[in-house]
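For reference, the structure is listed below as C-alpha cells.
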Amino acid sequence: MNAFNVIDLDLAGADAPHANAVAASRQGARPVVGRRLALTGSLCLSLLARVASAQPGPAATQVVAAPDGTVVDAPVAAQTTAPPTVDADPAQFEDGRPIAGVESHVRVWHKDTALAQKAVARALGELERVHAKLAADIRTSEVATINRAADREEVLVSAETVHLLSRAQELCRTSGGAFDASVGSYDYLWNFRRRPAVRPLDTELAARQAMVGCDKLVLKPDRIVRLMTRGTRLRLDDLAHGAAMEAAARQLRQAGIENFRIRIGADVYVAGRTGQRHWYVAVRHPENPRRDLVQLYLTSHAAATRHRAEHSFYKDGVRYHDAIDPRTGKPAGGVVLATVIGVDAAQADGLSAAVFVLGPQAGIALLDRIDRVEGFVVDTKGKVYASRGMADFARLPERIDL
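In C-alpha cells, the structure reads:
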C-alpha cells in the first residue's frame, strides 16, 4: 500500500513554507535596445538601396517575450537542416512496473524524449537489479547466500552489498537495536502474507531473540561476511528501497538528467524540479489511504514512511503488523505512522523503521541527534510529534483522527 501521492505544485501559487528558498532563480536575458540613427538626404537613399539589393525580401520576424516582460521582434532563423529530435520545451516522461509486488515508477523532466525514455528504462532496471541482489526470499541473491551459510562459513559479496551491510550495522548501533538487519531471524515465525495468520508463541520468540543483534553480523576485510550464530537470518527490506533508489538516481544523473522522481511503494526520492514546478509529496492517512494527511515540500530529498496498515491481521481482538521490534520479536506498539526525510535515501529508509519501533519520544530524539534528517510520528491516539526542523518541509497538525 502506498503512503505517498506525488503531485506537481506550481510555486507561483503555492502557499508552502520556504517556497522562495527552494525555487530556482530565474535568469533573465537583457532586451536588445536599438539605437536610433539620424540619416538624411542621399546617405539615407544610398543605404536603403544597398539593403534592398542585398536582401531579396523582408526578413521574417516573430514576437519574443524576454524574461523581464520586454516584448521585442526577433528574426526567424532560416531552416537549413532538419529540425532536431529534441522537444521545443522540456517535458515529463514516466514509466513503471511492479517490482517484487510493489508498484515502482520513475518520472523525469527533460527536453530530449528519446534520451528520457532510455534513461528511465535503465533506472527501472537498476531498481530490479538491486532488489534481486538484496532480497532474502530470492535464492540467488547475496543476502540469501549469506543466510544459507549462517555460522558455517564465510561468504564473499560485492562491494555494493558489503557497503550496505556496513551502513546497516552503523544504524543498528545508532538506534540501540531498533533497526537490526538480523530481524529476519523472526521471519520463520511471522508471515503476514499467509492466511490464516498465526501468532507465534512467546517461547518461540524468546528462542529466536538469541539469534538477533548487532553483533551477529561480522564484516571482514576483502568483502568477507559471516553470521556468528546458527539460525541468524538477515533481511534488508528496510534499507533496500533506499539503496535501489540511490542506484537508479546515479543512472539518471549519468545520462544528464537532474530533474526526476523515483518511487517504490511508500518511499520517494526526488531531485530538481518539473520545469518551473516543485515536487511535493502527499503523505496518506495511516488508516484511510484515500485521505491525505500532510503535504511534504521537497527539493532533492528522500522521504520514507512506515505505517502499521501495510501488512497486518487481527487475532483475538489484537492487531498485529509487520513492523517488528528486533529486540522483542513482536510488532512495535504505540505508533501508527513514522515518516523520515533526508538527503540520503537508504538512511531515511532505515530510520523510518527505527523511529517506528522506538516510538514518539525516543524516535524524535534520535532524529534530532542526526544531521540532515527530519521526520514526524503519529501515535496510536492520533497525536503528532515532529523533529526540530520538520517545519521546513510541512505544516503538521497537532492531532489527527484515527
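Numbering-wise, the sequence shown is residues 633 to 1034 according to my numbering. From the three backbone atoms N, C-alpha and C, an ideal C-beta is built for every residue, glycine too.
Practice task
Closer than 7 Å by C-beta to Phe824: which residues in its own chain qualify, once you throw out the five before and the five after it? Chain order, please.
Solution key: For the purposes of this step, residue 824 is taken as the residue at position 192 of the sequence shown. If we look at Phe824 and ignore the five residues flanking it on each side, its Cβ neighbours are His943, Ser944, Phe945 and Asp954.
Handout entry: Whether Ala781 touches Val775 by CB criterion (7 Å)
Key = Looking up residue 781 in the sequence shown gives position 149. Looking up residue 775 in the sequence shown gives position 143. Taking 7 Å as the Cβ cut-off, Ala781 and Val775 do not qualify as a contacting pair.
Practice task
Jot down the residue ranges of each uninterrupted alpha helix (DSSP H) in the region 982-1008, minimum 4 residues, whole runs only, in chain order.
Solution key: Secondary structure in the region 982-1008: the alpha helix (DSSP H) runs of 4 residues or longer, each lying completely within the stretch, are 992-1001 in chain order.
Exercise for the section: Would you mind reading off the limits of the beta strand (DSSP E) that contains Gly728? Expected result: If you number the sequence shown from 1, residue 728 lands on position 96. It spans Ala723 to Ile731 - the beta strand (DSSP E) in which Gly728 sits, taken as one unbroken run.
Exercise for the section: Just tell me which of Gly1021, Tyr901 and Asn920 has its CA closest to the CA of Ala881. Expected result: Locating residue 881 in the sequence shown gives position 249, where the first residue counts as 1. Checked all of Gly1021, Tyr901 and Asn920; the closest Cα to Ala881 is Tyr901.
Exercise for the section: Assign Asp742 to one of three DSSP states: helix, strand, or coil. Expected result: As a working mapping, residue 742 is identified with position 110 in the sequence shown. The residue asked about is misnamed: residue 742 is His in this sequence, not Asp. For His742, the secondary structure class from DSSP, reduced to helix, strand or coil, is strand.
Problem - Contact between the region 990-1000 and the region 825-845 (3+ Cβ pairs under 8 Å) - result: Here the region 990-1000 does not lie against the region 825-845, with fewer than 3 beta-carbon pairs under 8 Å apart.
Handout entry: Span of the alpha helix (DSSP H) around Ile778
Key = Reading the sequence shown from its first residue, position 146 is the one you call residue 778. Here the alpha helix (DSSP H) through Ile778 covers Glu774 to Ala781.
Exercise for the section: Would you check if there are 3 or more beta carbon pairs closer than 8 Å linking the region 751-762 to the region 917-931? Expected result: With a cut-off of 8 Å, the region 917-931 and the region 751-762 do not count as touching, because too few Cβ pairs lie within range.
Practice task
Count the other C-beta atoms from every protein chain shown that fall within 10 angstroms of the C-beta of Ser984, then say buried if there are 16 or more, exposed otherwise.
Solution key: Mapped onto the sequence shown, residue 984 falls at position 352. By the 10 Å Cβ count, Ser984 comes out buried.
Exercise for the section: Answer with buried or exposed for Gln883, where buried requires no fewer than 16 other C-beta atoms within 10 angstroms of its C-beta. Expected result: The sequence position of residue 883 within the sequence shown is 251, counting from 1. Around the Cβ of Gln883, a 10 Å sphere holds 16 or more other Cβ atoms; the residue is buried.
Practice task
Indicate whether Asp870 and Gly974 have their beta-carbon atoms separated by less than 7 Å.
Solution key: Position 238 of the sequence shown, counted from the first residue, corresponds to residue 870. Position 342 of the sequence shown, counted from the first residue, corresponds to residue 974. Cβ distance not < 7 Å, so Asp870 and Gly974 don't count as in contact.
Exercise for the section: Would you check if the distance between the CB atom of Arg867 and the CB atom of Ala768 is smaller than 7 Å? Expected result: Position 235 of the sequence shown, counted from the first residue, corresponds to residue 867. Position 136 of the sequence shown, counted from the first residue, corresponds to residue 768. In contact: Arg867 and Ala768 (Cβ atoms closer than 7 Å).
Exercise for the section: Going by CA-CA distance only, name the one from Arg893, Pro918 and Asp783 that's closest to Gly907. Expected result: Taking the first residue of the sequence shown as position 1, residue 907 is located at position 275. When only C-alpha atoms are compared, the closest one is Arg893.
Exercise for the section: Can you tell me which of Arg951, Arg916 and Val1005 puts its alpha carbon nearest to the alpha carbon of Ser932? Expected result: In the sequence shown, the residue the question calls residue 932 occupies position 300. Ranking the options by Cα distance to Ser932, first place goes to Val1005.
Problem - Boundaries (first-last residue) of the beta strand (DSSP E) holding His910 - result: Stepping through the sequence shown from its first residue, residue 910 is reached at position 278. Boundaries of the beta strand (DSSP E) harbouring His910: Arg909 to Arg916, taken from the DSSP string.
Problem - Distance between Thr835 and Gly728 (C-alpha atoms, nearest Å) - result: Here residue 728 refers to the residue found at position 96 of the sequence shown. Here residue 835 refers to the residue found at position 203 of the sequence shown. Gly728 and Thr835 have their C-alpha atoms roughly 44 Å apart.
Practice task
On a CA-only basis, which of Asp1024, Pro832 and Pro1029 is nearest Pro963? Give me that one, please.
Solution key: On the sequence shown, position 331 is the one that residue 963 refers to. Among Asp1024, Pro832 and Pro1029, the Cα nearest to that of Pro963 is on Pro832.
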